[in-house]
Amino acid sequence: MNKNTENQFDAIIVGAGVVGCSIARELSRFKVRIAVLEKESDVGWGSSCRNSGVIHAGFNNQPGTLMAKYCEEGNQLFHSIAQELDVLFKKTGKLVVAKNNSEIAGLKKLKKQGERNGVKNLDIIDEQEIRKLEPNVRGVAALLSPETAITSPYLYTIALAENALKNGVHFYLNTEVENIEKKSSGEFVLKTQNKQFITDYLINSTGVYCDKIARMAGIDRYRIYPCRGEYYVLDKNASSLMNHLIYPVPHIEEGGLGIHLTPTVDGNVLIGPSNEYIDTNKRNNYAVTMEVLSKLCKEAQKFLPAISPKYFIRNYAGIRSKQTPPSQGGYRDYVIEESEEVPNMINLIGIESPGLTAAYPIAKEVVAMIDKKEKLSTNPDFNPYRKGILRFEEQDEETKRKLVEQDPDYGEVICRCEQVTKREILQAIDNPLGARSLISIKYRSRAMMGRCQGGYCQTRIMELLKEKYNYKWDDFLLRGSESYMLTGNRSNGEPAL
Ligand SMILES: Cc1cc2nc3c(=O)[nH]c(=O)nc-3n(C[C@H](O)[C@H](O)[C@H](O)COP(=O)(O)OP(=O)(O)OC[C@H]3O[C@@H](n4cnc5c(N)ncnc54)[C@H](O)[C@@H]3O)c2cc1C
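Set out below in structure tokens:
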């Protein structure tokens, strides 16, 4: 593999979600010229930033499926990858709670299924033990899964991408693949609005759009049915209400794990997700609806009566890429295959939950498929380590004092809710991928994620962007192209800050 002209690659990955970025990082262990093409202005803006952030243990999936295999492997692998990439990871453990005696059989079934999948340390506990672990939670019995963990799904995706970039992968953001042609030489020609790319291997890792990309290459047998899940985000002061992830007994035919309560690594709590199929032609319909949100609140209160709207600070939605139509529901196993009719194209189809957990084992499988054909040479310069932005707020007093002494920008708090300093925000602005929408800065620094949701710090962050990059009024974008932050124009042409 030895492509070296500017737009020619050995392998192109379409889609920079957690799966695409894992493949990019894993493939960069070898001497391969790799590009990742992403239609959004940053990595991880599909399902990969719109989920529960749970590193599942692997007891929810049918034994013998790829979902079960990669989930369990991903759970066991996660700790070392998180360390290499400097990503937060907490093994909080999970309780699947039976609300009444009739649900206890469901717990036993899950335990048995988990054990068949290789999940360790599963236990069924009674009402008293629930009370000891979770004094605010109501239930008659629960499955305790100590292996279940949480991470930051967007920081994990960013970390994978930054490490891949450091190891030589080329990232093209704002680059939507619009057409695919397979030449008689076997190469693929990918057309985007501004540029054409040529590659030997094409990896379709486009989440909810995977069937569309496959169709562009002439494969018409995959179908994706988008299914939306809505969430509430609770303020950090709700985190004292629970210690574990709290889940209901799942009803598999619903195609989700039920509305659950999940602590986040940053100290918030999530309630959700709901489960509704949406129009296949509107796969980016991330709407949150009052009807669903009030249902989320009621469902959460069944386990944790102390939940109340006073904790709610934000909401969001994610879209599952389901292979099962609404009439069927449930789950269909992942498809990860090189299609016979289009050699050298690897399609990843239906990577729904537990896709965040399973992403790395999936990446290893894809790389093994290419290695088997090409006998790849190892990249001797591969560096598995990446350092994230140091969180000033999480340091002890002595370290904080030293940091401020060395760099006064640590002494200026810009986001008061999350206590994010000017130095951290400048580092987030200067990120290696060059993603500078406000949401990119938010995900990297946590600024604008607190109780006031940027009411205080957003304009200050915009001032930093203006100072550093001499931004004009229409350069300020919330979430990529055309999501302008400012409208109108002062007579002197300056932004209306
Ligand atoms: C509500 C919900 C909750 C979930 N909770 C969990 C959980 O707790 N734990 C867990 O393990 N999993 C969870 N999942 C599953 C997990 O989020 C997904 O499996 C995973 O994020 C899929 O990653 P991906 O990279 O395949 O897709 P995505 O993250 O969607 O990435 C696909 C990328 O392709 C890009 N793209 C699409 N078309 C094109 C094009 N034409 N050109 C260029 N780029 C393109 C998109 O912009 C996107 O960035 C959840 C999912 C949902 C929806």
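This note's numbering puts the first residue of the sequence shown at 15, with every later residue one more than the last. From the three backbone atoms N, C-alpha and C, an ideal C-beta is built for every residue, glycine too.
So which of the options has the shortest CA-CA distance to residue i?
i, options, result
"residue 96", "328, 279 and 348", "279"
"residue 149", "265, 397, 271 and 256", "256"
"residue 213", "174, 195 and 207", "195"
"residue 317", "359, 156 and 67", "156"
"residue 34", "386, 144, 110 and 171", "171"
"residue 182", "234, 324, 259 and 397", "397"
"residue 421", "174, 436, 408 and 410", "436"
"residue 53", "112, 251 and 28", "28"
"residue 47", "19, 166 and 241", "19"
"residue 334", "291, 360, 313 and 324", "291"
"residue 58", "351, 405 and 174", "174"
"residue 475", "76, 237 and 443", "443"
"residue 566", "108, 492, 386 and 309", "In the structure displayed, the chain extends from 15 to 511; residue 566 sits before or after that span and is not available."
"residue 176", "124, 38, 493 and 293", "38"
"residue 303", "479, 146 and 286", "286"
"residue 409", "433, 394, 428 and 399", "433"
"residue 101", "238, 169 and 478", "169"
"residue 467", "327, 449 and 263", "327"
"residue 198", "448, 480 and 356", "356"
"residue 42", "62, 382 and 121", "382"
"residue 204", "110, 390, 238 and 51", "51"
"residue 264", "350, 110, 450 and 324", "110"
"residue 248", "77, 358, 311 and 294", "311"
"residue 271", "445, 120, 320 and 161", "120"
"residue 479", "445, 320 and 469", "445"
"residue 261", "56, 66 and 477", "66"
"residue 88", "75, 320, 64 and 69", "69"
"residue 448", "483, 114, 471 and 462", "483"
"residue 387", "404, 395 and 359", "359"
"residue 113", "454, 31 and 319", "319"
"residue 36", "378, 415 and 469", "378"
"residue 493", "452, 463, 461 and 429", "452"
"residue 79", "495, 348 and 496", "348"
"residue 277", "253, 294 and 299", "253"
"residue 343", "454, 238 and 455", "238"
"residue 208", "201, 315, 193 and 217", "193"
"residue 31", "117, 218 and 84", "218"
"residue 299", "242, 429 and 488", "242"
"residue 147", "103, 127 and 108", "108"
"residue 314", "441, 246, 86 and 62", "246"
"residue 339", "240, 390 and 85", "240"
"residue 126", "77, 103, 145 and 152", "77"
Check whether the Cβ atoms of residue i and residue j lie closer than 8 Å to each other.
i, j, result
"residue 362", "residue 384", "no"
"residue 336", "residue 366", "yes"
"residue 206", "residue 220", "no"
"residue 289", "residue 307", "no"
"residue 106", "residue 274", "no"
"residue 392", "residue 44", "yes"
"residue 332", "residue 346", "no"
"residue 490", "residue 438", "no"
"residue 73", "residue 131", "yes"
"residue 399", "residue 297", "no"
"residue 191", "residue 227", "yes"
"residue 431", "residue 458", "no"
"residue 236", "residue 225", "yes"
"residue 161", "residue 71", "yes"
"residue 187", "residue 55", "yes"
"residue 143", "residue 154", "no"
"residue 139", "residue 158", "yes"
"residue 403", "residue 471", "no"
"residue 211", "residue 82", "no"
"residue 75", "residue 63", "no"
Given 8 Å, three or more beta-carbon pairs between the stretch 369 to 379 and the stretch 19 to 29 | no
Uninterrupted beta strand (DSSP E) stretches inside the stretch 138 to 210 (no shorter than 3 residues) | 155 to 159, 163 to 165, 184 to 186, 193 to 196 and 202 to 205
Which runs of the beta strand (DSSP E) spanning at least 3 residues fall entirely within the stretch 241 to 320, listed in chain order?
-> 259 to 262, 274 to 277 and 283 to 286
Unbroken alpha helix (DSSP H) runs of length 4 or more, entirely within the stretch 427 to 505: which are they?
-> 436 to 443, 452 to 459 and 472 to 483
Whole beta strand (DSSP E) runs in the stretch 328 to 416 with 3 or more residues, listed along the chain?
-> 349 to 352 and 359 to 363
Count the C-beta pairs between the stretch 223 to 236 and the stretch 123 to 140 that are closer than 8 Å, then say yes if the count reaches three, no if not.
-> no
Should the stretch 87 to 103 be called in touch with the stretch 163 to 170, which here means at least 3 C-beta pairs below 8 Å?
-> yes
Within the stretch 73 to 147, note down every full alpha helix (DSSP H) run reaching 4 residues or more, in order along the chain.
-> 80 to 99, 118 to 130 and 141 to 147
Only counting runs of 4 or more residues, tell me where the alpha helix (DSSP H) segments fall wholly within the stretch 16 to 75, in order along the chain.
-> 32 to 41
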